[in-house]
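Colleague: Sharing a structure below in structure tokens format, with a few things to ask.
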């Protein structure tokens, strides 16, 4: 675990929790130095005063604020230390809000909060369990690296995490970036959801930085005096998508194949937009039904008439059978 970068206390109400702030992330980027290509000599930057041309050391340099083009105001570390800052040694919780109410755009760097000593154990656990049970996060103010910041406290496993946050006036409006209004069919939304399901994952810890890995191989090869292996050509980006449903179907097939489902995996066809019946068809259908109904009524009427005639002629036929025959 890296060294703490700040120590102080969390305070909410009258509760105080001594803590140490530890970076929660690591930077694995590969750093380069500038060199002279001809002889590999290091190229260094020197801090030189533009007035007298003198090279300066760090203790001779202070912060300066440009009030106007011709006026600079010097601000020393002592000046900054004398500014009254209530959060200089405290992470002051100012509110508790629902976890889903924080816009992710506002969240910046992350830090673990380590309880400082046995005295911190009980209040630390109290705050952690209260946040878990309430499904809330804490909004706090704290000072770090010479400025006051807004922060977000939440729970990760058994630890408290502090995220720095941008102030509301630091977030730009995305209004001008919205695309023009278009119509989207429900079947297209269903297709996109089917693609999301095909690409769904429970764990994303297996993803790695392929660019950094390739850069490490390049550096290792050049350090050994070898020529790096030629990189595979990237696929050309596709053109404009004309048939959105066809693109969604193809994407689902590709996503399932990449998960090892193979060529014989069952791929359900995306629902297609429903077609509205034409006026001509709409007129024919009722007419057909009416004709069928009339035919059925005629058959029923004919059957009823036949039964009635048979019923009336039955007594006459019986009487004729009872008459004596002439000898």
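Residue numbers (our numbering): 903 to 1229. From the three backbone atoms N, C-alpha and C, an ideal C-beta is built for every residue, glycine too.
1) Write down the C-beta distance between residue 906 and residue 923 rounded to the nearest angstrom, noting that I regard them as a contact closer than 8 Å.
2) Assign residue 1175 to buried or exposed, taking buried as 16 or more other Cβ atoms, counted over all protein chains shown, within 10 Å of its Cβ.
3) Apply the 10 Å Cβ neighbour rule to residue 917 and answer buried if 16 or more other Cβ atoms are within range, or exposed otherwise.
4) Once the 5 residues before and after residue 964 are set aside, which same chain residues still bring their CB inside 6 Å of it?
5) What first and last residue would you give for the beta strand (DSSP E) that runs through residue 1000?
6) Looking only at its chain, what residues have a beta carbon closer than 6 Å to the beta carbon of residue 1061, apart from the 5 residues adjacent to it on each side?
7) Do three or more CB pairs link the region 1100-1114 to the region 1122-1135 at distances below 8 Å?
8) So, is residue 948 buried or exposed, given that buried needs 16 or more other C-beta atoms within 10 angstroms?
9) Would you tell me roughly how many angstroms separate the C-alpha atoms of residue 932 and residue 954, rounded to the nearest one?
10) Measure the CB-CB distance between residue 1154 and residue 1094 and report whether it falls below 7 Å.
11) Suppose the cutoff is 7 Å on Cβ atoms and the five residues either side in sequence are ignored; what does the same chain contact list for residue 938 look like?
12) Helix, strand or coil for residue 1085? Go by DSSP, reduced to three states.
13) For residue 919 and residue 1003, I'd like the C-alpha separation in whole angstroms.
14) Could you pull the start and end residues of the beta strand (DSSP E) that residue 918 belongs to?
Modeller: So, to answer that:
1) 6 Å
2) Here the model assigns residue 1175 a pLDDT of 49, short of 50, so the residue's position is not dependable, and the following value carries that caveat. Answer is exposed; the Cβ neighbour count stays below 16.
3) exposed
4) 976 and 978
5) 992-1000
6) 1014
7) no
8) exposed
9) 37 Å
10) no
11) 945
12) coil
13) 25 Å
14) 917-925
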